[in-house]
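K.L.:
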Amino acid sequence: MRTSKTLFERIWESHLVAHPDGEPALLYVDLHLVHEVTSPQAFEGLRLASRRVRRPELTLATMDHNVPTTEGPVDDPLARQQLDALRDNCAAFGVPLFATGSGREGIVHVIGPELGLTQPGMTIVCGDSHTSTHGAFGALAFGIGTSEVEHVLATQTLPQSPPRTMRVVFEGDPPEGVSAKDLILAAIGEAGVAGGVGHVVEYAGRVIEQLSMENRMTICNMSIEWGARAGMVAPDDTTFAYLEGRAGAPRGRAWERALDEWRALPTDAGARFDQEVVVDVSALAPQVTWGTNPAMVAPLDGSVPDPADYDDPDQRAAVERALTYMGLDPGTPIGEISVDRVFIGSCTNSRIEDLRSAAAIIAGRRIHPRVRALVVPGSASVKRQAEEEGLDRIFAAAGFEWRRAGCSMCLGMNPDILQAGERCASTSNRNFEGRQGAGGRTHLVSPTVAAATALAGHFVHPQELEPVA
Amino acid sequence: MKRFEKVTARVAVLDRADVDTDQIIPKQFLKRIERTGYGEFLFFDWAKDPGFELHRPQFAGARILLTGRNFGCGSSREHAAWALQDAGYDAVIAPSFGDIFRTNSLKIGLLPVALPAAEIRVLMEVANDGGEMTIDLEALELIAPDRPRIPFQLDAFERERLLGGLDDIALTLRRDPEITAYEAAHPARVATISL
């Protein structure tokens, strides 16, 4: 009999409501996060079928995707209609809502953890593919579509076929200046955009154990960018220290009981994964994407690839298309690519630690005159904390625009978009064609490389900047 | 959801790999609160190019899309599946799909059919000549002109659900006693209402 289990298997088994023969497993959902874009049709479906929200107290809604990040009203009538719809739906169905202006709003994957709602051992879903972020706490968290949102609202469960499992072990000591963003971009570059399809991935190894919660969230966040259904990290003392005292976390004796339960979650030695991958990070450089998906990535000290170097005709065609779209010539050194815009934000890199690391680079310096740069904190709470620490003044003095919380230029549903042909160094998660605006060219980077690039006007390693006078 | 009937139709070819849902339906159309009307925005930015593959006359009226690996990767937006269905597609055939897109498609009765890449390469030639194909979900077979019948796989439960046009939520609500029992045995881990 096999007794050793993975973290994933433990969570899966403890959330099985039913698993009838010939049907998918029915999984209980501990926390359902909702936002304005993928929920209106789900609430409408409930209304048409005269169904209610089964567990409003396990549901939390916020406004993030299409909210403007400047002060003032929502000018876009369609965006306003969608935000109003969320407000009306939450009121009608009894779902708690952290609305814009409440001081509690923010990107759904930033507020869940900061409120202490994201906890080890939980199942968490949201109508957003970056729900994998919450896996950083040792939760099973994944993105769903609107039909599934409706299903969870109505039943607090989801039918699921069992995924395959994979463990990605990061080995070696990453060199100075290499961040969590670089680790995950490099891993995606190696595995390809479909390398994780069908799998729940556990990220492990000493490198992961030494990361802060913010950095673990960055890694888990991008699981979907190589197709994985979810990404997770075993909970440990770093996790518990982050959670203790947060509003949604257990207290007193309940906290002690929770700790006992959480300490029993990690994968047993000898537990088996369907696939094991090792990524050696000892010689890793900061990463910059050059193409139109996150696997099209190169080290900052490398160069744009040549389509002729690809044997697979599909891959060659994809690289050719990408370089045409991105306006790049094969062989161009990454460090010689200049940018027009810099965006620091998104559910990947908009937490306090991300803002601190970027501010540390730009303190006392000015951005390049050609560059327009934007910082969008992940939540109202991150914004407040950054302002208490004086980070807003550092960004403003350097020439950055300091904005209100939201998804902003990660997907450009609000007015923060690139113009056609503009090139952007972005701390977000997707460099798809038109992602930040039709014709816009996105390069994914870490917050420190984004900050350094804003100063130099081209991609540059922070260590290569001139010292502050 | 309406029942999935046997479909015989022209097949459009989009010979690209890793087509993400941002291309299928760009973000500016996600602000709508309706579930219908996305078809005219399908592949919005690509469709601006007069040379875009799907504009070819032999693909007019196509109800089956034949495309490259990892179709529908990226964002969870169900709008991508809605847009394809609204534009008249009943099925998408590809070597592989993004997981969330595949689930979304099944939920609304847009059939994702996975076939080996080499098989798809051959089918693309047939479709490029304007040939019709038949997808028989009952028999789990694809029928192309001058080709042996091509079997495909789909989970038996999903097949029944599509053929019967069954409501997923109603199916789950048959398990209401089990859900209630689970809730009784497992206290809530969080209380969003008390925050």
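If you read the sequences in order, they're chains A and B. All residue numbers in the first sequence are consecutive under the working numbering, ending with 634. All residue numbers in the second sequence are consecutive under the working numbering, ending with 223. Glycine is no exception: its CB is placed at the ideal position from the N, C-alpha and C atoms.
(1) Runs of 4 residues minimum, wholly inside the segment 555-614 of chain A: which ones carry the alpha helix (DSSP H) assignment?
(2) Along the chain, where does the alpha helix (DSSP H) containing I384/A start, and where does it finish?
(3) What residues from chain B crowd round A319/A, counting only those whose CB sits closer than 7 angstroms?
(4) Measuring straight from C-alpha to C-alpha, what distance separates I61/B and R245/A?
(5) If you scan the segment 269-298 of chain A from start to end, which runs of the beta strand (DSSP E) of 3 or more residues do you find wholly inside it?
(6) Per DSSP, what are the beta-bridge partners of C101/B in this structure?
(7) Could you give the DSSP three-state label for F80/B: helix, strand or coil?
(8) Within 9 angstroms (strictly less), CB to CB, does Y117/B reach chain A?
(9) With three or more C-beta pairs closer than 8 angstroms as the rule, is the segment 91-103 of chain B touching the segment 119-138 of chain B?
(10) Taking Cβ-Cβ distances shorter than 8 angstroms, what residues in chain A pair up with P54/B?
(11) For Q51/B, return the contacting residues in chain A, with the cut-off set at a CB-CB distance below 8 angstroms.
(12) Cutting at 7 angstroms between CB atoms, please list the residues of its own chain near W567/A, excluding the five before and the five after it.
(13) For F438/A, count neighbouring C-beta atoms within 10 Å of its own C-beta (all shown protein chains included) and say buried if the count is 16 or more, exposed if not.
(14) Based on the DSSP output, what are the partners of L465/A in its beta bridges?
(15) The ligand SAH and R595/A: does any heavy atom of the ligand fall closer than 8 angstroms to the residue's C-beta?
(16) Among the candidates A209/B, A213/B, W110/B, R84/B, whose CA atom is the shortest distance from the CA of N156/B?
(17) P470/A and T613/A - do their beta-carbons sit closer together than 9 angstroms?
(18) If the criterion is Cβ atoms closer than 9 angstroms, does the pair V290/A and G308/A meet it?
(19) So, is the C-beta of Y475/A closer than 9 angstroms to a C-beta in chain B?
(20) Using a Cβ cut-off of 9 angstroms (strictly closer), state whether D157/B contacts chain A.
(21) Tell me the rounded alpha-carbon separation between N231/A and E270/A.
(22) Using CA atoms only, rank isn't needed, just tell me which of L223/B, A216/B, T220/B is closest to Y193/A.
(23) Under the rule that 16 or more other beta-carbon atoms within 10 Å means buried, what is R219/A, buried or exposed?
(24) Between the segment 430-449 of chain A and the segment 334-341 of chain A, can you find at least three pairs of beta-carbon atoms closer than 8 angstroms?
(25) Give the residues of chain B in contact with E188/A, contact being defined as C-beta atoms less than 7 angstroms apart.
(26) Hey, how far is the Cα of G500/A from the Cα of G102/B?
(27) Report the three-state DSSP secondary structure of A395/A (helix, strand or coil).
(28) Pairing CB atoms from the segment 378-397 of chain A with CB atoms from the segment 288-307 of chain A, are three or more of them under 8 angstroms?
(29) List, from N- to C-terminal side, the beta strand (DSSP E) runs of 3 residues or more that fit wholly inside the segment 103-139 of chain B.
(30) With burial defined as no fewer than 16 other Cβ atoms inside 10 Å of the residue's Cβ, what is the status of L213/A: buried or exposed?
(31) Just to make sure I have the definition right: I need the residues of chain B whose C-beta is within less than 8 angstroms of the C-beta of G564/A. Which are they?
(32) Taking all protein chains shown into account, decide if H214/B is buried (16 or more other Cβ within 10 angstroms of its Cβ) or exposed.
(33) Are the CB atoms of H200/A and T168/A nearer to each other than 9 angstroms?
(34) Using 9 angstroms as the limit for Cβ to Cβ distance, is E587/A near chain B?
(35) Could you give the DSSP three-state label for Y210/B: helix, strand or coil?
(36) For R130/B versus L58/B, is the C-beta distance shorter than 9 angstroms?
P.N.:
On the basis of the data shown:
(1) Those alpha helix (DSSP H) runs which fall completely within the segment 555-614 of chain A and span 4+ residues are 556-563.
(2) Reading the first sequence from its first residue, position 219 is the one you call residue 384/A. Counting along the chain, the alpha helix (DSSP H) containing I384/A begins and ends at 378-386.
(3) In the first sequence, counting from the first residue as 1, residue 319/A sits at position 154. Near A319/A (Cβ distances below 7 angstroms), the residues of chain B are I197.
(4) The residue labelled residue 61/B in the question sits at position 33 within the second sequence. The residue labelled residue 245/A in the question sits at position 80 within the first sequence. So the two alpha carbons sit approximately 11 angstroms from each other.
(5) Fully enclosed beta strand (DSSP E) runs of 3 or longer: 288-291.
(6) Indexing the second sequence from 1 puts residue 101/B at position 73. The partner list for C101/B (beta bridge, DSSP) reads D48/B.
(7) Position 52 of the second sequence holds residue 80/B. DSSP, read as helix, strand or coil, puts F80/B in coil.
(8) For the purposes of this step, residue 117/B is taken as residue 89 along the second sequence, with counting starting at 1. Y117/B does not count as touching chain A.
(9) Between the segment 119-138 of chain B and the segment 91-103 of chain B there are three or more inter-stretch CB-CB distances shorter than 8 angstroms, so the stretches are counted as touching.
(10) By 1-based counting over the second sequence, the position of residue 54/B is 26. Residues of chain A with a Cβ closer than 8 angstroms to the Cβ of P54/B are, in chain order, G599, A603.
(11) Numbered from its first residue, the second sequence carries residue 51/B at position 23. F597, E598, G599, listed in chain order.
(12) The residue you call residue 567/A lines up with position 402 of the first sequence. The beta carbon of W567/A lies closer than 7 angstroms to those of V540, D557, F560, A561 in the same chain, with the five residues before and after it left out.
(13) For the purposes of this step, residue 438/A is identified with residue 273 of the first sequence, where counting begins at 1. Classification for F438/A: buried.
(14) Working through the first sequence from its first residue, we reach residue 465/A at position 300. L465/A is not bridged by DSSP to any residue.
(15) This structure lacks the ligand SAH, and indeed carries no ligand of any kind.
(16) In the second sequence, the residue the question calls residue 156/B occupies position 128. Ranking A209/B, A213/B, W110/B, R84/B by Cα distance to N156/B puts R84/B first.
(17) Here residue 613/A corresponds to residue number 448 of the first sequence, with the count starting at 1. Here residue 470/A corresponds to residue number 305 of the first sequence, with the count starting at 1. Taking 9 angstroms as the Cβ cut-off, T613/A and P470/A do not qualify as a contacting pair.
(18) Here the question's residue 290/A lines up with position 125 in the first sequence. Here the question's residue 308/A lines up with position 143 in the first sequence. Yes, the Cβ-Cβ distance between V290/A and G308/A is below 9 angstroms.
(19) One-based indexing of the first sequence puts residue 475/A at position 310. Interface with chain B (9 angstroms Cβ-Cβ cutoff): Y475/A is excluded.
(20) Against the second sequence, residue 157/B aligns to sequence position 129. For D157/B, the answer is no, since every Cβ of chain A falls outside 9 angstroms of its Cβ.
(21) On the first sequence, position 66 is the one that residue 231/A refers to. On the first sequence, position 105 is the one that residue 270/A refers to. Rounded to whole angstroms, the separation of the alpha carbons of E270/A and N231/A is 13 angstroms.
(22) Position 28 of the first sequence, counted from the first residue, corresponds to residue 193/A. Here the closest residue by C-alpha is A216/B.
(23) For the purposes of this step, residue 219/A is identified with residue 54 of the first sequence, where counting begins at 1. With a threshold of 16 other beta carbon atoms within 10 Å, R219/A meets it and is buried.
(24) Yes: at least three Cβ pairs fall under 8 angstroms.
(25) Taking the first residue of the first sequence as 1, we reach residue 188/A at position 23. Within 7 angstroms Cβ-Cβ: F185.
(26) Reading the first sequence from its first residue, position 335 is the one you call residue 500/A. Reading the second sequence from its first residue, position 74 is the one you call residue 102/B. So the alpha carbons of these two residues sit roughly 28 angstroms apart.
(27) Locating residue 395/A in the first sequence gives position 230, counting from the first residue. The answer is strand: DSSP assigns A395/A an E or B state.
(28) Using a Cβ-Cβ distance cut-off of 8 angstroms, the segment 378-397 of chain A and the segment 288-307 of chain A are in contact, since at least three pairs of beta carbons, one from each stretch, lie closer than that value.
(29) 119-122, all fully within the segment 103-139 of chain B.
(30) In the first sequence, counting from the first residue as 1, residue 213/A sits at position 48. Of the other Cβ atoms in all chains shown, fewer than 16 fall within 10 Å of the Cβ of L213/A; this residue is therefore exposed.
(31) Sequence index remark: in the first sequence, residue 564/A carries index 399 (1-based). Those within 8 angstroms of G564/A in chain B number zero; the least Cβ separation is about 28 angstroms.
(32) On the second sequence, position 186 is the one that residue 214/B refers to. H214/B is classed as exposed because its beta carbon has fewer than 16 other beta carbons within 10 Å across all chains shown.
(33) As a first step, residue 200/A must be located in the first sequence, where it is residue number 35. As a first step, residue 168/A must be located in the first sequence, where it is residue number 3. No, Cβ-Cβ distance for H200/A and T168/A is not below 9 angstroms.
(34) The residue labelled residue 587/A in the question sits at position 422 within the first sequence. Judged by the 9 angstroms Cβ criterion, E587/A is not in contact with chain B.
(35) Translated into the one-based positions of the second sequence, residue 210/B becomes position 182. Helix at Y210/B.
(36) Residue 130/B sits at position 102 when you count from the first residue of the second sequence. Residue 58/B sits at position 30 when you count from the first residue of the second sequence. The answer is no: Cβ separation not under 9 angstroms.
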